[in-house]
Structures are given as structure tokens and as C-alpha cells.
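Under my numbering, read the sequence shown as residues 13 to 179, first letter to last.
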Amino acid sequence: MSMPFYVSPEQMMKDRADYARKGIARGRALVAMQTATAIVIVAENPSTTLRKVSEIYDRIAFAGVGKYNEFDQLRVAGVRAAELRGYQYSRLDVDARSLANQYAQVLGDVFSTMGPKPLEVELLVAEVGDTPAADRLFHILYDGTLLDEKRFCVLGGDAEGIAGRLA
13 MSMPFYVSPE QMMKDRADYA RKGIARGRAL VAMQTATAIV IVAENPSTTL RKVSEIYDRI
73 AFAGVGKYNE FDQLRVAGVR AAELRGYQYS RLDVDARSLA NQYAQVLGDV FSTMGPKPLE
133 VELLVAEVGD TPAADRLFHI LYDGTLLDEK RFCVLGGDAE GIAGRLA
């Protein structure tokens, strides 16, 4: 009888994080920046049919990097959640923070469960507010970490290098 192998939980989480980071880094970068009158989202995308940036709801945008099929499934789920909340309650009850929290919960659950692999995605949920001070940029990492960014946000590709040039 053979002995089952043991992998420490710390090592398993490190391996899953490395796997997700490598998959995301292979993709092309995406940058979101706040301006005086808008939020600008720019993504390098060689495809004319597959979209990395889209609208989820009024004044709320979604952008993703990594594996297209994975972040597009999340985008569709976000659109459905926003539409349902806006229909059941009020259009004013739909906000980027609640959508970003939902995405973070899903990504965190997928990352921490011992499924076949983590999702190879990073997401951005941006909301244009009534004033520039009310604009919101939420960066959601592959492990469910939710970051409230100020001024700009860089996802995928050479994110650290691009962020260094923008700072």
C-alpha cells in the first residue's frame, strides 16, 4: 500500500497563487485612470470581437485581464446581478462597491477551495460618480483580495512597470 503524499496548506496556496499570477502576467495590460471629468480605461487587445472592457450597469464599467472565458463568465454574472438588484429595488441601489464585493467573494471561494485550479483573472469595477471625488476604482485580485484604488489602476501584463511609470 502506498502512502498518500502530503502538501502543507501554505505550500498549496503559494502554488495556486503562483499559477494564477503566471497566467495573468502572460496577458496584455489594462490601465484605468481617473480624470477631472471621467474614468478612462485603456486595454491592449488584438481581438476585434472579444472585449476586455464593457459596461455592467449605468455608470459602472467592468474590465478583466487573464483568461477571457473566465472573466467573461464573471462579467455576465455581474450584469445579471446588477439588473436583478436594479429591478427588485431601485436603479440607485446598484453600485460598484457591492458588485466588487460579490466578485471578491466568488474569486476568494474559488481560490481557497481545493478545486482543480484558481481562476486566472484580475478584475476592475469602476464607477463614475456625480463628482470626481465620488468616482470609484475597485481592483479584484485572483484570490479575492479587493483593493480600493485611487487615481489609477493597472492590471495584468507588466503591471508593476506600468504603475511605476504612472506614479
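Positions of the beta carbon are idealized from the N, C-alpha and C atoms, including for glycine.
As the structure is a prediction and not an experimental result, all values here were calculated from the model.
List the endpoints of the continuous beta strand (DSSP E) containing residue i.
i, result
"Y69", "65-69"
For residue i, which residues does DSSP report across the bridge?
i, result
"D160", "F150"
"V118", "In the DSSP output, where bridge partners are listed per residue, V118 has none listed."
"L104", "The partner list for L104 (beta bridge, DSSP) is empty, contrary to what the question assumes."
In whole angstroms, what is the alpha-carbon distance linking residue i and residue j?
i, j, result
"L96", "H151", "23 Å"
"R109", "D155", "17 Å"
"G141", "A44", "15 Å"
"Q46", "D147", "8 Å"
"A145", "Y69", "20 Å"
"I72", "N113", "14 Å"
"G76", "S14", "44 Å"
So, for residue i: in the same chain, excluding its five sequence neighbours on each side, which residues have a beta-carbon less than 6 Å away from its beta-carbon?
i, result
"L159", "H151"
"E82", "L131, V133"
Looking at the unbroken alpha helix (DSSP H) that takes in residue i, where does it start and where does it end?
i, result
"E139", "Here E139 belongs to no alpha helix (DSSP H); instead the beta strand (DSSP E) covers 133-139."
"M45", "Taken as a continuous stretch (DSSP letters only), M45 belongs to no alpha helix (DSSP H), being part of the beta strand (DSSP E) at 42-46."
My understanding is that residue i touches residue j, with C-beta atoms under 8 Å, so please give their C-beta distance in whole angstroms.
i, j, result
"V88", "L111", "The Cβ separation is near 13 Å, so there is no contact."
Which residues in the same chain as residue i place their Cβ atom closer than 7 Å to its Cβ, once the five residues preceding and following it in sequence are excluded?
i, result
"V122", "P130, L131"
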